[in-house]
Amino acid sequence: MEPGINDLIARPDACAPPMVDALRARSVAHDLRNVLAIFSAGISLLERSHGPTARSLRIFDGLRDAVSHGNSLVSEILGSPRTAVDRREKIGPCTFLSNLEALIAGALPSGIECELECGGSVWPVEVDPTSLKSTVLNLVVNAAEAMPEGGVIRITAKNTESDESVHHGLSGNFVKLEVRDDGVGIPAELLKHVLEPCFTTKSETGGTGLGLTQVQRFVAESNGHFAVETHEGTGTTMIIYLPAADVAGTTGGCRPAGSTQSF
């Protein structure tokens, strides 16, 4: 009989630590998939037992999207090893972000709203969609936690001007994604640490300090650039520059310049 993961962990000479970590991750992912299946079944049961209202449909859509995203993350762990480059797809940022409405709304506490604004015909980008979804969720959750008294999170997507790209040491055409809050801001003494792995000010509430590290990794794998602008007491803006995939084309489903979608 093949040794289980606990047997391997108990025998440090059996395999290298990275192998133990990989086995542990796959074991947890396997169990997590079973948990997600229970959630999915529960959602279907609740949906059948409640009359369809606009509010309930929105909630159930958010729950289904969350389970679907969780299954995508599990599949990445259990599937054959692939790099982020292998998983890239060409997507329209405005349509992609708009489709996250239910998922984002479900992640926001009471008293916090989110607005999405896409400026004109935003260029498509070629990225791993699961990683982009995780990135947006990480930034939105961080923004919400920075506003304990409530407020508005603004997500914007637009094409960058060439001089702005050059200012950040970039060459070529980029799409600029921003997640902006009007919360407490980041103190100067903490700002220099926010991108360090495992740095967190929320350890007592379960924070791991890996959210922005994952964001930074996704941006690096996408050949982009990540920046943070903050003013203590007035809010923070997280900025991601992603290379445009096709400047000549335009993304389908984008809203006219200046239009705003609230959720």
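Everything in the sequence shown is counted per our numbering, starting at 141 for the first residue and increasing by one.
Backbone N, C-alpha and C define an ideal beta-carbon position, used for all residues, glycine too.
No experiment lies behind these values; they were computed from the predicted model shown.
Asked	Found
Check L256 in the structure and name its three-state DSSP category.	strand
Could you give the first and the last residue of the continuous beta strand (DSSP E) run that contains V319?	314 to 320
What is the rounded straight-line gap between the Cα of I326 and the Cα of I293?	16 Å
Quick check on R188: buried or exposed, where buried means 16 or more other Cβ atoms within 10 Å of its Cβ?	exposed
When you compare only the Cα positions, how much space is there between S271 and R227?	9 Å
Quick check: the Cα distance between T376 and L330, rounded to an integer number of angstroms?	13 Å
Tell me whether L350 sits in a helix, a strand or coil according to DSSP, three-state version.	Caution applies to L350, whose pLDDT of 49 falls short of 50 and renders its modelled position unreliable; the value that the coordinates give is listed next. The answer is coil: DSSP assigns L350 none of H, G, I, E or B.
Ignoring anything shorter than 4 residues or poking outside the region 241 to 293, list the alpha helix (DSSP H) runs there in chain order.	241 to 247, 269 to 285
To the nearest angstrom, how far is the alpha carbon of T374 from that of F179?	38 Å
Per DSSP, which one or two residues make a beta bridge with N211?	Note: N211 sits in no beta bridge, so no partner.
Shortest alpha-carbon distance to D201 belongs to which of A384, S184, N211?	S184
Excluding sequence positions up to five away, which residues of its chain have a Cβ less than 7 Å from the Cβ of L279?	V319, V355, M378
Helix, strand or coil: how does DSSP classify T235 here?	helix
Following the continuous alpha helix (DSSP H) through E329, name the residue where it begins and the one where it ends.	328 to 331
Taking the beta strand (DSSP E) that P383 falls in, what are its first and last residues?	375 to 383
Exposed or buried, T193, counting other C-beta atoms within 10 Å across all chains shown (16 or more means buried)?	exposed
When DSSP builds the beta bridges, which residues end up paired with G366?	For the record, residue 366 in the displayed sequence is Phe; it is not Gly. F366 pairs with I380.
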